[in-house]
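Novice:
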Amino acid sequence: MSGFLDMGGHAATVWPAYGVTIALLVALVVVSLVSSRRRHRNLERLERELHGEGNP
Amino acid sequence: MTPSFHRLANPARFQKFARRALPWSWAVAVLAIGSGFVWGLALSPADYQQGDTVRVMYVHVPAAWMAMACYGLMALLSAFFLVWKHQLAGIAALAAAPVGACFTAIALITGSLWGKPTWGTWWVWDARLTSVLVLFFLYLGYLALAGAFDDRSRGLRAASLLALVGIINLPIIKFSVDWWNTLHQPASILRAGGPSIHASMLWPLMITALGFAAFLVAILLVRIRSELALWRTEALMRRHTRGAP
Chain X
1 MSGFLDMGGH AATVWPAYGV TIALLVALVV VSLVSSRRRH RNLERLEREL HGEGNP
Chain V
1001 MTPSFHRLAN PARFQKFARR ALPWSWAVAV LAIGSGFVWG LALSPADYQQ GDTVRVMYVH
1061 VPAAWMAMAC YGLMALLSAF FLVWKHQLAG IAALAAAPVG ACFTAIALIT GSLWGKPTWG
1121 TWWVWDARLT SVLVLFFLYL GYLALAGAFD DRSRGLRAAS LLALVGIINL PIIKFSVDWW
1181 NTLHQPASIL RAGGPSIHAS MLWPLMITAL GFAAFLVAIL LVRIRSELAL WRTEALMRRH
1241 TRGAP
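Chains X and V, in that order, give the protein sequences. Letter by letter, the first sequence follows residues 1 to 56 of my numbering. Letter by letter, the second sequence follows residues 1001 to 1245 of my numbering.
Structure, rendered in structure tokens:
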């Protein structure tokens, strides 16, 4: 196991490469999902408001 | 273009397609990236020259492929937007830009990490590395232009033009390792005569690439739906303000 973690002496190369990849992809997913949810909520609220005005 | 593209160019049909395709593309992305990473980190052999640093390849190469594929897609969509005025195509290109920038950043960072033990330097201004850095700035420039105008459509048109001009960079990236002397190695997968790497390394590479491609599809669907919601909100607000006494 320690040999695996050590990566033949190249732990400082291999692990950060995978770490950065996962971190950037996860960050992209989180940012995209959060902003998508906010935009859909705004749209639904606006549609409700406009609909409400048209039909008092 | 195929009829299916025209069908998808309709936002309502696109929404239906996105809802059906999203769970599948997320599932393939997670499974393939997960198994590709385990295979690349634990099961594939160390290289006889590079030792374990070769494992960086399984993230670096697929990320670089996605960085270029995403740009090609963005430029194609921008052309549809500019020439045929397909609003959805322009919006899809806008949704793709940050994804492409992200994959380009991954390719640059992992390449730099790999370069240090292999070439003895983090960075060198040679043709391959420089042209990929230009790709990164093309993505950023596209996003800056798209957001630089009060009128979103005008910004998107300007940015789409930049996306089209920038496509010249794609063949430069691909052939940079053949045209110029460079530290970067030449193509070993997409080359005449077939791949030159052993199957024990080719498999984890291709599985990770499949996972990244599925990730690209999934995140694009999420981001296009998000942009559509924003554009529809603003269109409704404009119509409402105009219609108000």
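In this text, a Cβ means the ideal position worked out from N, Cα and C, and glycines have one as well.
What do you get for S1200 of chain V, buried or exposed, if any count of 16 or more other CB atoms within 10 angstroms of its CB means buried?
Specialist: The residue in question, S1200 of chain V, is exposed, as its Cβ has fewer than 16 Cβ neighbours within 10 Å.
Novice: Is it true that the CB of M1066 of chain V sits closer than 8 Å to the CB of L1170 of chain V?
Specialist: Their beta carbons are not under 8 Å apart, which means L1170 of chain V does not touch M1066 of chain V by this criterion.
Novice: Quick test of the definition: if touching needs 3 or more C-beta pairs under 8 Å, does the region 1195-1209 of chain V touch the region 1071-1082 of chain V?
Specialist: Result no; under three Cβ-Cβ pairs closer than 8 Å.
Novice: Could you compute how far the alpha carbon of V1217 of chain V sits from the alpha carbon of A1095 of chain V?
Specialist: Each residue's Cα considered, the two are about 11 Å apart.
Novice: Should the region 1175-1187 of chain V be regarded as contacting the region 1142-1159 of chain V, the criterion being three or more beta carbon pairs within less than 8 Å?
Specialist: Segments in contact, no.
Novice: Just to confirm, is the Cβ distance from W1122 of chain V to K1116 of chain V under 8 Å?
Specialist: Yes, they are a contact pair.
Novice: Let me know if M1057 of chain V comes out buried or exposed under the rule of 16 or more other beta-carbons within 10 Å of its beta-carbon.
Specialist: Buried, because 16 or more other Cβ atoms sit within 10 Å of the Cβ of M1057 of chain V.
Novice: Mapping the DSSP letters down to three states, classify T1002 of chain V as helix, strand or coil.
Specialist: Because T1002 of chain V sits at a pLDDT of 47, beneath the cut-off of 50, its placement in the model cannot be relied upon, and the point is left open.
Novice: What alpha helix (DSSP H) runs, 4 residues minimum, are completely inside the region 1031-1087 of chain V?
Specialist: Qualifying alpha helix (DSSP H) stretches, in chain order: 1057-1084.
Novice: Is W1114 of chain V close to chain X, meaning its C-beta is less than 8 Å from at least one C-beta of that chain?
Specialist: Yes, because at least one Cβ of chain X sits closer than 8 Å to the Cβ of W1114 of chain V.
Novice: Using Cβ-Cβ distances below 8 Å, what residues of the region 36-53 of chain X are close to chain V?
Specialist: Here the close residues are S36, R39, H40, N42, L43, L46, E47 and L50.
Novice: Compare the C-alpha of T1221 of chain V against each of V:A1159, V:R1019 and V:R1191 and name the closest.
Specialist: Per the sequence shown, the amino acid found at residue 1221 of chain V is Leu instead of Thr. Here the closest residue by C-alpha is V:R1019.
Novice: For L24 of chain X, decide whether its Cβ has a neighbour in chain V, counting only Cβ atoms nearer than 8 Å.
Specialist: Chain V contact via Cβ: present.
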